[in-house]
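Residues in the sequence shown are numbered from -19 upward in steps of one, following my numbering. To keep things clear, I will list the structure first and then write my remarks on it.
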Amino acid sequence: MRATFATIVILALALGAFAQEAPSVSKNPFDFGTALTFLRMPNDLLWTPPVASQREPHFRLRFTDNDDFKADTAIGAVFPMFRFTPSLGSHEGIQFDIVASVFTRFDEDLKLTASDYLFALPFSWRRGPWEARAGYSHMSSHLGDEYIKDTGAETVSVSRGEVLFGVARRFQHGVRIYGEGFYGAGTRGIPEGKKERWELGLEWVRDHDGLFAALDVEMRANQDHEPNTTAQLGWQWTSGSKRATRIALEYYEGKSPYGQFPDEDEEWIAFEAAFDW
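The following block contains the structure:
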């Protein structure tokens, strides 16, 4: 816990040094100052997936030293469907997205241990330095067939259908603070009265090549709100694109991010390569 606390303090201080106030906006969050234009299939996002979140859509490959060798992968993306925007070149407005991703873990023999499948339908909003999203997400968790055969593990049906709401604030120099809440609207394998979870984060991710840092803390009611902490420090390449390629060192401490292992403590230092928005 002391290592986690030190990580939080150091990253918060480092990122805070870059934070300066962004311009203020109208008190009415839906007053964009002009009539909104309908834009089909926009080429960017109003709410970008937090870089250090364990369960946001990324193309990712990660090698960990958690007890023994493990490889975690993620294949997914956010697909922007349409936007109501003040102008065609604006990064403000109201947008509807489709989110899909699969997260998998392989052991040292490259046998599938577990997989989580995510699907979400969020609306996002952005006005000046503020952004938000709200919608519905569904995640199901499964054990690998070879893992079941080798260990005799019992298969338990675990899924989370959740209503989500998040708010974020951007500052200058690529600093963003965000917070999200999720409430189970239809779950399996999750104890009654323990269906909510929370996620908070702070990241420094600029829109050009260079260093980045990110911190994410998730707390689940079914894990007694113990913090699951992820810290990343790495380098990204953008090449003028809305997408970025990243390499990073990652530190994680908390319960397993995989839904089939909610009570397993995990701690790792990992090398990660990712491609996303």
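Each residue gets a CB set at the ideal place from its N, CA and C atoms; glycine is no exception. As the structure is a prediction and not an experimental result, all values here were calculated from the model.
Here Lys129 carries a helix assignment [DSSP, helix/strand/coil].
In this structure the stretch 50 to 66 lies against the stretch 26 to 39, because at least three pairs of beta carbons, one per stretch, are closer than 8 angstroms.
In the three-state DSSP reduction, Asn202 falls in the helix class (H, G or I). In this structure, the beta-carbon distance from Ser81 to Glu179 does not fall below 8 angstroms. Taking the C-beta atoms as reference points, Gly239 is found nearer than 8 angstroms to Asp96.
Between Arg113 and Gly73, the C-beta gap is not smaller than 8 angstroms, which leaves the two residues out of contact. When the alpha-carbon of Pro22 is set against those of His205, Ser104 and Val155, the nearest one is in Ser104. Minimum Cα-Cα distance from Val138 among the listed residues Asn202, Gln75 and Thr218 corresponds to Asn202.
For the 8 angstroms CB-CB criterion, Phe162 and Leu144 form a contact.
The alpha carbon of Tyr231 has as its nearest neighbour, out of Pro242, Trp248 and Ala224, the alpha carbon of Trp248.
Each of Phe76, Pro66 and Phe49 was checked against the Cα of Val58, and the nearest Cα belongs to Phe76. Straight-line measurement puts the Cα of Phe49 at about 23 angstroms from the Cα of Glu134.
If you look at Ser104, you'll find it in the beta strand (DSSP E) that goes Leu92 to Arg107. Under the three-state reduction of DSSP output, His122 falls in the strand class. Straight-line spacing of the CA atoms in Ala94 and Phe18 works out to 41 angstroms. In terms of Cα proximity to Phe151, the closest of Pro109, Val79, Thr84 and Val31 is Pro109. Trp184 and Glu252 have their C-alpha atoms spaced approximately 17 angstroms apart.
Rounded to the nearest angstrom, the gap between the Cα atoms of Phe43 and Phe62 is 36 angstroms. Rounded to whole angstroms, the separation of the alpha carbons of Phe99 and Gly141 is 10 angstroms. A direct Cα-Cα distance of roughly 14 angstroms separates Ile157 from Arg186.
Check the Cα spacing between Val197 and each of Asp204, Pro237, His188 and Asn208: the tightest is with Asn208. For Gln216, the secondary structure class from DSSP, reduced to helix, strand or coil, is strand.
Under the DSSP assignment, Gln75 falls in the beta strand (DSSP E) whose first and last residues are Gly73 to Phe86. According to the DSSP assignment, Asp256 belongs to the beta strand (DSSP E) that extends over Asp245 to Asp256.
In this structure, Tyr127 is the residue among Ala148, His71, His118 and Tyr127 with its C-alpha nearest to the C-alpha of Glu88. Looking only at Gly69, Gly181, Ser120 and Gly214, the smallest Cα-Cα distance to Ile170 is reached by Ser120.
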